[in-house]
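**Q** Encoded as structure tokens, here's the structure I'll be asking about.
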Amino acid sequence: MNSIILSIILIPAIEIYLFIKIGSQIGAITTILLIFTTAVIGVYYAKYEGLNTLKAGFSQLSKNEAPAYEVISGAAIAFAALLLIVPGFATDVLGFLLIFPISRKLVLSKIIKKFNHKKERNNFIDGDFEDIEDENDKKL
């Protein structure tokens, strides 16, 4: 919970810092045009990759396989499109990392590994048991 609050404060602060630094180097108008350009290109490419992921998901379904990676990848592409629409350079970098298939696979594999290590797999159910004799067993 604290990390969410921290990120709500830090992300805009980082973006403002980058706006000032980059804007002072390339100019205000160029900075604004760059923000709009990354948003348009990013959303277009997100649409393209989303359709490719959807096609791959249907391909998995036709083979009677669960399209688990395609579902996660589709969610990552939707999140990337959102990051690219939000004005900022740091969010654009993360958005583009999630859009491109090679870097998306690397990012998602790191996230999946993190969640797999946290989950312990037990082959037993913890609890008490009690033997119950059947009435038919007593008569024999």
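According to this note's numbering, the stretch in the sequence shown is residues 39 to 178, in order. Backbone N, C-alpha and C fix where the C-beta goes; we use that ideal spot for every residue, glycine too.
1) Excluding sequence positions up to five away, which residues of its chain have a Cβ less than 8 Å from the Cβ of residue 129?
2) Starting from residue 40, trace the alpha helix (DSSP H) both ways and give me its first and last residue.
3) Distance, Cα to Cα, residue 62 vs residue 71?
4) Whole angstroms is fine: what's the gap from residue 67's alpha carbon to residue 74's?
5) Under 8 Å, with one C-beta from each stretch per pair, do the stretch 141-154 and the stretch 108-118 reach the 3-pair mark?
6) Under a three-way DSSP split, which group does residue 145 fall into?
7) Quick one: is residue 118 buried, meaning 16 or more other Cβ sit within 10 Å of its Cβ, or exposed?
8) Quick one: using the 10 Å Cβ neighbour count with 16 as the cut-off for buried, is residue 65 buried or exposed?
9) What three-state label does DSSP hand residue 80 in the structure shown?
**A** From the atom records:
1) 49, 53, 121 and 122
2) Note, residue 40: alpha helix (DSSP H), 40-64.
3) 14 Å
4) 11 Å
5) yes
6) helix
7) buried
8) exposed
9) helix
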